[in-house]
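Heads up, the sequence shown stops at 228 in full-length UniProt numbering, and the numbers go up one at a time, no gaps.
Glycine is no exception: its CB is placed at the ideal position from the N, C-alpha and C atoms.
Because the structure is a prediction, the values reported are computed rather than measured.
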Amino acid sequence: MRAIILAAGMGTRLRPLTNETPKSLVKVAGEPMAERQIRFLKEKGIDDIILVTGYLKEKFEYLKDKYGVKLIYNDKYDTFNNVYTMYIVREYLQDSYVTEADVYMARNYFESNLSNSTYFSGIKENFSSEWKLHFDNTGKVYEIEVGPGTDYIMSGISYWSKKDGLFIKQKLEEVIETGNFEKVYWDDVVGKIIPELDVHIKKIGSNDWFEIDCIEDLEKAEQYINEN
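Structure representation (C-alpha cells):
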C-alpha cells in the first residue's frame with residue numbers, strides 16, 4: 001500500500017498566504033496540511049508516499065529528508081486540472097491512497113487493511129457545490145453527482161484497489177490521448193466509470209476533515225480545533 005498526495009495547485013484563493021507558500025504547506029493549528037497527512041500515513045505504517053508538486057516546488061524539498069517521501073513534479077500545474085496530475089502518477093495508482101493536500105484531517109482516519117476501493121466520506125450541510133456520493137445499502141457507490149445540498153460528499157481522501165487502479169489508469173490514458181482535457185478533473189474520469197468499479201463508502205464524522213480553499217475555510221477550521 002502506498003499514497004499519492006496531490007499538492008501541485010497554486011491556491012490563489014488563499015492569497016496572500018500562498019504568495020510564498022504552497023497551499024498544501026499552509027499551516028492549520030500550527031502544522032502544514034500536507035505534512036500532517038504524511039505523518040498520519042506513517043503512523044498507520046504507510047511509508048511509500050509520493051507527493052506531486054507544481055507551484056513553488058522547491059518548498060517541498062525538506063519533506064524528502066524529514067519523511068523520505070518521493071517528489072514528482074507536474075510542470076503543467078498552471079495549465080490543466082488535476083486529471084493531468086493523476087496521469088503523471090498513473091503507474092502508482094494500484095493499491096494506493098489518493099489524497100488532496102489541502103485537506104486538514106482533524107483525526108487520523110487512514111486505514112492500512114482496506115480490501116475494496118474506498119471513499120472516506122461524511123455529511124456536510126447546506127453547501128452550494130460539492131461532489132456528492134450516492135451509495136446502496138451495502139455502502140457501494142453507484143453514482144457521483146456535483147451539486148448543492150446536504151449529503152455525503154468526498155473528503156479528498158480515497159483508496160484504490162489494484163484492480164480498480166489499473167482500470168482507472170487505462171481511462172486516464174484514454175482521456176489524455178484525446179487532447180481535450182483542459183477542464184477535466186480526475187474525479188470526472190472516475191465518475192463516468194463508477195458502475196464498473198467496486199468502490200465503497202467509509203463513513204467519517206462531519207468535522208473529521210476540513211477542505212481549506214480560502215481564508216474563511218482556514219478560520220472555520222481553526223475555530224473548531226480551538227473549541228474542541
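Same chain, Cβ closer than 7 Å to residue i, five either side skipped, listed in chain order
{"i": "residue 86", "result": "172 and 186"}
{"i": "residue 139", "result": "200 and 201"}
{"i": "residue 221", "result": "28, 104, 210 and 212"}
Beta-carbon proximity list for residue i, same chain, < 6 Å, skipping 5 on both sides
{"i": "residue 213", "result": "13"}
{"i": "residue 130", "result": "153"}
{"i": "residue 181", "result": "83 and 175"}
Whole-Å CB distance - residue i paired with residue j, under 8 Å assumed
{"i": "residue 27", "j": "residue 11", "result": "Not confirmed; about 13 Å, so no contact."}
{"i": "residue 189", "j": "residue 175", "result": "6 Å"}
{"i": "residue 93", "j": "residue 183", "result": "Actually they are not in contact, since the Cβ atoms of residue 93 and residue 183 sit about 22 Å apart, beyond 8 Å."}
{"i": "residue 164", "j": "residue 133", "result": "That belief does not hold up - the Cβ atoms of residue 164 and residue 133 are roughly 15 Å apart, past 8 Å."}
{"i": "residue 76", "j": "residue 84", "result": "6 Å"}
Contact set for residue i: own chain, Cβ-Cβ below 8 Å, skip 5 residues either direction
{"i": "residue 88", "result": "52, 72 and 74"}
{"i": "residue 150", "result": "123, 124, 125, 126 and 127"}
{"i": "residue 96", "result": "1, 2, 3, 4, 159, 160 and 165"}
Residue i versus the options, residue with shortest Cα-Cα distance
{"i": "residue 226", "options": "29, 20, 3 and 18", "result": "29"}
{"i": "residue 98", "options": "58, 78, 157 and 76", "result": "157"}
{"i": "residue 48", "options": "112, 77 and 84", "result": "112"}
{"i": "residue 191", "options": "119, 163, 218 and 36", "result": "119"}
{"i": "residue 108", "options": "7, 39 and 203", "result": "39"}
{"i": "residue 79", "options": "55, 34 and 141", "result": "55"}
{"i": "residue 101", "options": "115, 36, 67 and 66", "result": "36"}
{"i": "residue 45", "options": "178, 203, 144 and 110", "result": "110"}
{"i": "residue 207", "options": "178, 63 and 155", "result": "155"}
Which of helix, strand or coil DSSP assigns to residue i
{"i": "residue 110", "result": "coil"}
{"i": "residue 132", "result": "strand"}
{"i": "residue 69", "result": "coil"}
{"i": "residue 80", "result": "coil"}
{"i": "residue 228", "result": "coil"}
Q. Considering only residues of the stretch 164-204, which uninterrupted beta strand (DSSP E) runs meet the minimum length of 3 residues and lie entirely inside it, listed in chain order?
A. Here the runs fully enclosed are 199-203.
**Q.** Complete runs of the beta strand (DSSP E) confined to the stretch 9-55 [at least 3 residues]
**A.** For the stretch 9-55, whole beta strand (DSSP E) runs of length 3 or above, ordered along the chain, are 48-53.
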